[in-house]
Structures are given as C-alpha cells and as structure tokens.
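Only one structure is covered here, and it is reproduced in the block below.
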Amino acid sequence: MTAEPIDDVLDWAKKLSSWKQDALRRLAISNDLTDTDLGELLAMVKTAAGFSLASAPPGAVPFAKAHFGGGKHQPIILKGIANVENINRLVPKAGLTFCPKALTIVYGRNGSGKSGFVRILRTACRTRVENPAKLKVLADVYGASAGPQTAEIVIDAGAGDTPISWSPGKAASPQLMQVAVFDTASAQLYVDGGNQIRFLPFGLALPHRLNAICIGLKDTLEAERATEVGNKVSLTTIAFAPVRDTGAQRFDKALSKSTTNAQIDVATAFGETDQERLDGITAALSASAAAAADVTAFARWAETLVTECTAVVAAFMDEPLQKLTALREAATAAREAATVAAGALFTDDPLPGVGSDTWRALWAAARDYSLKEAYVGKPFPVVATDAEPAACVLCQQPLLPDGVSRMHRFQKYMDDTLDAAATKAEQAVADAL
C-alpha cells in the first residue's frame with residue numbers, strides 16, 4: 012500500500028506528548044480552536060507538569076488518521092459571474108462562466124471587458140495588493156446610467172449553484188474569502204518585495220498551526236506565572252561575596268524543592284540578639300565610612316600641595332632661573348635697541364617718549380579706533396579721504412603735510428623689526444613667568 016503524505020505527519024505526531032497529539036486532533040477537525048479547547052489544553056499541560064487542579068482535564072485523545080475525516084471541507088467551486096450592472100464598460104447583465112473541473116481561459120480584444128471581471132473578483136475575494144485604492148471598481152464614465160454597481164458571483168459549495176450578490180463596500184462573503192485571486196499586480200509583491208507565498212495543504216499545515224497554539228499557551232502560562240509568583244523567585248538568587256562557611260550560606264547551598272517550611276523558619280529566624288548585632292555592625296561600618304571620607308579628603312589635599320610645591324621647586328632651581336634671567340636680559344636689550352632706533356628716528360618731533368610702552372599703547376589704541384570705527388575697511392593710518400586730508404584719530408583735526416609725514420614714520424617704526432623683536436622677547440618673559 013502506497014504511503015500518503017499524511018502518514019509522515021502521523022508518524023511525527025506519535026513522538027509528541029499526549030496533550031500535543033490531542034491539540035493536533037482538535038486542529039484537524041476544526042478550523043479554529045475555541046476558548047474551551049484552549050482551556051482544556053492548558054489544563055492538560057499543567058497536569059503533565061505535576062500541578063494539582065480543582066477539576067481534572069478531559070483525557071487526551073491520540074491523533075489518528077480518522078480525524079482527518081472531520082477536517083474535510085467542501086471545496087468552493089467558482090462557477091461564474093452574472094448580472095453585472097454599471098461596472099466599467101461591461102454591457103448590462105453581462106456574465107462570464109467558468110469550467111468547474113478544468114482550466115478556463117478567457118480571451119478577447121483589448122477593451123473587451125476581461126479586466127473588468129477580474130476587478131470584481133479581486134474586490135469580492137482574497138488578494139494581495141500594495142495600494143488598496145487600486146481595488147476600486149469604476150463605473151462606466153461614458154454611459155448614461157448612474158445606478159448602483161452590482162454583480163452576482165456564482166459558486167458551488169456542495170448545494171448546487173448559489174449566487175452571491177456583490178457591490179462595492181459590501182461586507183465580504185465568508186465563502187468567497189476562501190477564493191484567492193492572483194494577478195500581475197499581486198505578483199509584484201512577491202517578486203519585488205520578497206514576500207513568501209504561504210500556502211500549505213491541509214495536513215501539512217497542522218504543524219504550523221500547532222506551533223501557534225504552543226506559543227499562545229506559553230504566553231498564557233508566563234502571564235499566570237507573573238501574577239502568582241511575581242518577584243518571589245528573586246529571593247533564591249542571593250549572591251554571597253566572598254564565600255564563607257556561615258550558617259546562612261550553608262542553608263542557601265542546601266536549599267531545594269524538598270526544603271520544609273520548618274527548616275526555612277529556623278534558618279530565617281531573626282531575634283533581638285540578631286538585631287543588636289546588626290545595629291553594632293551598622294554603626295561600625297558608618298564610623299569607618301566617615302573616617303575613610305576624612306582620610307580621602309586629606310589625601311587629595313596633600314596631593315594638591317605636593318603638586319604645587321613641586322612646581323615652585325622646579326621654578327626656583329638654577330636652570331629655570333638662569334633661563335628666566337637670560338630672557339629678561341634679551342628682552343631689555345631688544346627694547347633698548349628699539350628705543351635707541353626710535354630716538355634717532357624721532358629726534359625732531361615735538362614730544363619725547365616716542366617708542367616707549369605708553370606711546371606704543373596709545374598707538375595701538377589709535378589703530379583699533381581707526382580700523383573698527385573711524386575708518387572701517389581702510390588700512391591704518393588713514394591720511395587722506397577722497398583727495399581731502401583725513402582727520403587725525405587722536406586730535407580729530409585735518410592732517411597737514413607734517414602730520415602725514417609723522418604718521419607714516421610712526422607706522423614705519425611699529426613695523427620695524429627691532430620693535431617686533433623687542434615685543435616678542437617681552438612676551439617670552441611673560442610666558443616663562
């Protein structure tokens with residue numbers, strides 16, 4: 012006798028627990044399990060795990076080949092479409108007949124109405140489409156009739172030809188929902204989107220359906236566990252560090268499902284003596300913590316003091332002092348050279364001190380005022396504007412030829428390498444300090 016595919020499913024089922032076999036039996040004879048079915052299966056699981064229930068669950072019935080008889084379903088045969096009204100440009104009362112036991116090929120010229128019949132089936136039956144708006148069935152925009160869109164879909168579910176009325180927006184017929192429509196539009200979802208076509212014969216679908224039932228029962232049990240047990244389990248996860256040979260740790264190691272309530276009461280007894288000892292330990296630890304904080308603060312202060320003293324000692328050693336002295340001497344010599352040059356350059360000027368620190372500060376202030384406010388965008392010093400003498404940024408008077416010459420000489424002095432070298436040497440002294 013030739014083995015059938017369902018025989019492999021039966022051989023596999025024999026290796027399962029009794030409640031899973033009973034679940035397969037229920038799935039084979041019913042499309043969906045009821046709450047009663049799920050409750051009885053859950054009770055079987057608890058009983059198998061050793062739970063004592065108020066009422067015992069029904070006995071598990073092993074899964075057998077005979078149970079597939081109860082799972083047989085009368086196939087839905089699509090016989091045709093009739094009495095089409097106001098659908099695209101299909102003629103009123105148009106219809107289309109399908110062969111019940113063979114392949115039906117519908118052909119015709121473009122615009123003859125083939126797609127119109129398919130649009131009706133896509134809306135009435137099951138199909139996959141990326142944009143639901145594409146399922147909309149349009150009326151005849153060129154026709155004079157503006158009545159409702161209707162059609163009849165003829166099926167045979169075992170009782171002969173049965174017409175099912177259809178119109179857009181009407182609730183889908185449960186019988187037509189067993190018919191799947193696959194066209195080029197839905198094909199793109201599988202080809203481009205990488206979706207899987209989920210179709211399995213009735214018997215081969217049972218393991219997948221059983222898996223869904225197991226997941227549902229698991230979720231139910233976890234929810235009950237969270238309600239009944241809560242955080243009590245965390246009491247068994249006490250971590251002792253370091254490990255010592257104490258009574259508490261010995262009890263923790265010996266704790267098991269056979270531990271009695273009396274043993275737990277003795278091990279967890281906590282009296283006045285224990286409380287006094289705990290108070291003493293707490294006080295000692297608190298005092299130690301305060302002392303440790305004081306020592307830590309003193310250590311940080313000492314480290315800061317050592318760092319500062321090290322910096323002072325390093326600064327007053329012979330080598331750093333000699334380096335600082337050399338820098339000061341170099342800066343003084345450079346400034347004297349710049350001053351001598353300024354004295355020779357500005358001998359005929361009416362006021363003394365040109366090139367001194369005070370004078371250079373005055374010149375820098377005059378330059379900033381000229382660049383930022385008086386003559387924005389013009390290079391300093393500005394001695395003329397639009398062929399007219401410019402006003403001096405210090406006295407606000409027009410610059411005469413002598414004043415223009417003096418401004419140029421001042422700027423030349425500031426740009427001179429001697430003054431720049433003196434300024435750089437003085438900055439080196441400041442950085443060393």
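If you read the sequence shown in my numbering, its first letter stands for residue 12, the second for the next number, and so on. Backbone N, C-alpha and C define an ideal beta-carbon position, used for all residues, glycine too. Owing to the predicted nature of the structure, the values given are computational and were not obtained by experimental measurement.
In the assembly as shown, L64 is an exposed residue. Its beta-carbon has fewer than 16 other beta-carbons within 10 Å. Shown here for R220: same chain residues with a beta carbon closer than 8 Å to its own, the five before and five after excluded, namely L38 in chain order. In the structure shown, K125 falls within a helical segment according to DSSP collapsed to helix, strand and coil. Taking a C-beta distance under 7 Å as the contact criterion, S367 and V404 do not qualify as a contact pair. By the Cβ-count criterion, C110 is exposed, with fewer than 16 other Cβ atoms from all chains shown falling within 10 Å of its own Cβ.
Taking the CA atoms as reference points, M418 sits about 12 Å from A402. Assignment of R37 by DSSP, reduced to helix, strand and coil, places it in the helix class. Judged by DSSP secondary structure, E163 falls within the beta strand (DSSP E) whose first and last residues are 161-167. The C-alpha of K31 is placed about 10 Å away from the C-alpha of P218.
In the displayed model, R100 falls within coil according to three-state DSSP, outside both helix and strand. The three-state secondary structure of K181, taken from DSSP, is coil. For the pair E163 and N97, the CB atoms are not nearer than the 7 Å cut-off. Residue pairing for S176: DSSP places it in a beta bridge opposite E163. In this structure, DSSP gives L410 a state outside helix and strand, which the three-state scheme calls coil. Secondary structure at R288: helix, using DSSP grouped into helix, strand and coil. Ranked by Cα distance from L89, the options I175, S66, Y118 are led by I175. Straight across, the Cα-Cα distance linking M55 with T270 is about 28 Å. With respect to the 7 Å criterion, L107 and I92 are classified as neighbours on the basis of their beta carbons. In this model, A301 and A372 are separated by some 57 Å (Cα to Cα). If you ignore the 5 residues before and after F262, its C-beta comes within less than 6 Å of the C-beta of A278, all in its own chain and listed in chain order. Counting other Cβ atoms within 10 Å of its Cβ, D290 stays below 16 and is therefore classed as exposed. In the structure shown, T108 adopts extended strand secondary structure according to DSSP, grouped into three states. For D379, the enclosing alpha helix (DSSP H) begins and ends at 368-380. Relative to Q333, the option among G227, A183, V440 whose CA is nearest is V440. Setting aside the 5 residues that flank it on each side, A170 has no residue in the same chain whose C-beta is closer than 8 Å to its C-beta. DSSP places I116 outside both helix and strand once states are collapsed to three, so it counts as coil.
Rounded to the nearest whole angstrom, the C-alpha separation of L27 and I226 is 16 Å. The Cβ atoms of T161 and V148 lie no closer than 7 Å to each other.
Judged by their CB atoms, A34 and I224 are nearer to each other than the 7 Å cut-off.
At a Cβ-Cβ threshold of 7 Å, V192 and C136 count as neighbours. Look at T257 here: in three-state DSSP terms it is coil, with no helix or strand label.
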